[in-house]
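Colleague:
Residue numbers (this note's numbering): 7 to 184.
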């Protein structure tokens, strides 16, 4: 017996479907899909959440000095003339960054293999490219989802049967994070 469901798709289509559904599940917290797809998505999603819970606090905070371009009130870079050339003015800034330990870095890269990039569009700018921002799904896993399930040993998702789909009579389910 196979260790997974083929879902009537080729390997690349199946992988893309599962990646997209897992990304949507982790971004929105719940999705509606068929029962067979939900059972496959659940395997991948729970593995990612377990990895995030395990590596949640595995980093060190480091203070670094960075050069940042000085900006005026309009947000444009300030330039000054040096030896007849326009040169951007830089300020040195102290920043605290999280430096991943090797095992957390490996976990982050494993998650990036599965998760698609998510672009968040504000409701007032719907349909426009302006003011959109990229959501770091791996960071969301580490900072929002993993602390929620810290004391839990598996069982991060729940499948609730909704009913039969009208077109093909397939069982629809709600797959949600507990």
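Where a beta carbon is used, it is the ideal one built from N, C-alpha and C, also for glycine.
Between residue 133 and residue 85, what straight-line distance do the alpha-carbon atoms span, to the nearest angstrom?
Modeller: 35 Å
Colleague: In terms of DSSP beta bridges, what is residue 75 paired with?
Modeller: BP columns for residue 75 point to 96.
Colleague: Would you give the residue range spanned by the beta strand (DSSP E) that residue 168 belongs to?
Modeller: 163–170
Colleague: Helix, strand or coil for residue 83, going by three-state DSSP, please let me know.
Modeller: For residue 83, the secondary structure class from DSSP, reduced to helix, strand or coil, is strand.
Colleague: For the beta strand (DSSP E) that residue 59 lies in, which residues bound it at each end?
Modeller: No beta strand (DSSP E) contains residue 59, which is instead part of the alpha helix (DSSP H) from 41–60.
Colleague: Taking Cβ to Cβ, would you say residue 59 is nearer than 8 Å to residue 122?
Modeller: no
Colleague: In three-state DSSP terms, what is residue 149?
Modeller: helix
Colleague: Looking at the unbroken beta strand (DSSP E) that takes in residue 120, where does it start and where does it end?
Modeller: Segment 108–120 is the alpha helix (DSSP H) holding residue 120; no beta strand (DSSP E) there.
Colleague: DSSP state of residue 102, grouped into three classes?
Modeller: strand
Colleague: Excluding the 5 residues preceding and the 5 following residue 15 in the sequence, name in chain order all residues of the same chain whose CB lies nearer than 7 Å to its CB.
Modeller: 23
Colleague: Buried or exposed: residue 43, going by 16 or more other Cβ atoms within 10 Å of its Cβ?
Modeller: buried
Colleague: Please state the DSSP three-state secondary structure of residue 125.
Modeller: strand
Colleague: For residue 48, count neighbouring C-beta atoms within 10 Å of its own C-beta (all shown protein chains included) and say buried if the count is 16 or more, exposed if not.
Modeller: Label assigned to residue 48: buried.
Colleague: Is residue 16 helix, strand or coil when you go by DSSP?
Modeller: When DSSP states are grouped into helix, strand and coil, residue 16 belongs to the coil group.
Colleague: Measuring alpha carbon to alpha carbon, tell me which of 64, 105, 74 and 143 ends up nearest residue 117.
Modeller: 143
Colleague: Please state the DSSP three-state secondary structure of residue 134.
Modeller: coil
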